[in-house]
Amino acid sequence: MQGTVPTSLGRFRNAFTVDMENELAEHCRQLDSRFYGLTRRQLMKLSFEFAEFKGVNEYFAPEEVNYRIEANETDNFAENAIEPAYSTVQSSTNIMERTEDILANSSNTVLSAEHIHYQENDSNSAPNQRSLQGIDSIHPLPKSQNEKKRHRAHQKSEVLSATPFKNCLLQKEKEKLEKEERKNQRNKRKMENAANKLDFSKPFTSKKASLPKSVKTNKETFCGGCGELFEEDWVQCGSCSE
């Protein structure tokens, strides 16, 4: 996209037009079909050599040297695919056209996932440290943040919506429930203790009430006629009645 994308963009301004996006999407599809099946090591080797050819090695971090190509690999893809006489590319269309011409004229290059191999340009000399860095250092992928759980948002909502009066009511309701629970526990323990005190070893017998046949009274009463005491519930004693 060199030469077609403006170098400076202001706020609220689109970086790509519709034609630019279509051109970039077509370019990505062609690259995907051409380099399908390449391993990460092979794709990074190609990216390093292309970056060295374009003169953008300074974008690779020099402290991340952890990708080296084995010395016993045979084909040198960059030597056949990227010629030193390659001129400056003005647009992505020119890149695709010239790349297709180079790949078509290259007889020693096989673009299949089973037969593509690479080797260093000079196995005896020390490799360029900047050309052997990770491709992620140029365009690092964004890392997604850890998703927050729903109960955390619920707790924050409770904190924001809580008031001193509401907290007081909740505390009183809690104390009321605890008081009722303690009362129920005490009643339950009393019932259990009363049941344990009952003696079921002796049979239970009910006593029947019996009425007396004769009522004897020892109350002495004065006679209305003679004034003597007698033990009968009569107005007069026996001598007076005679």
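Numbering-wise, the sequence shown is residues 1 to 242 according to the UniProt record's numbering.
Using N, Cα and C, we set each Cβ at its ideal position, and we do this for glycine too.
Is Leu-43 closer than 8 Å to Phe-35 when the C-beta atoms are compared?
-> Looking up residue 35 in the sequence shown gives position 35. Looking up residue 43 in the sequence shown gives position 43. Yes; because the gap between Cβ atoms is below 8 Å, this pair is in contact.
Could you give the distance in angstroms between the alpha-carbon of Pro-164 and the alpha-carbon of Leu-177?
-> Here residue 164 corresponds to residue number 164 of the sequence shown, with the count starting at 1. Here residue 177 corresponds to residue number 177 of the sequence shown, with the count starting at 1. If you take the alpha carbons of Pro-164 and Leu-177, they lie about 20 Å apart.
Which stretch, first to last residue, makes up the alpha helix (DSSP H) that contains Lys-45?
-> Position 45 of the sequence shown holds residue 45. 40-54 is the extent of the alpha helix (DSSP H) around Lys-45.
Can you tell me whether Cys-226 is buried or exposed, with buried defined as 16 or more other CB within 10 angstroms of its CB?
-> As a working note, residue 226 is residue 226 in the sequence shown. Its Cβ having fewer than 16 others within 10 Å, Cys-226 is exposed.
State the Cα-Cα distance for the pair Lys-183 and Ser-210, rounded to the nearest angstrom.
-> Position 183 of the sequence shown, counted from the start, is the residue given in the question as residue 183. Position 210 of the sequence shown, counted from the start, is the residue given in the question as residue 210. Looking at the two C-alpha atoms, the distance is approximately 45 Å.
Helix, strand or coil for Leu-169 per DSSP?
-> Locating residue 169 in the sequence shown gives position 169, counting from the first residue. The answer is helix: DSSP assigns Leu-169 an H, G or I state.
Drop a sphere of 10 angstroms on the beta-carbon of Asp-32, count the other beta-carbons inside from all chains shown, and report buried for 16 or more, exposed for fewer.
-> The residue given as residue 32 occupies position 32 in the sequence shown. By the neighbour-count rule (16 or more Cβ atoms within 10 Å), Asp-32 is not buried but exposed.
Starting from Glu-21, follow the alpha helix (DSSP H) in both directions and report where the run begins and ends.
-> On the sequence shown, residue 21 is found 21 positions in, with the first residue counted as 1. First-last of the alpha helix (DSSP H) with Glu-21: 18-34.
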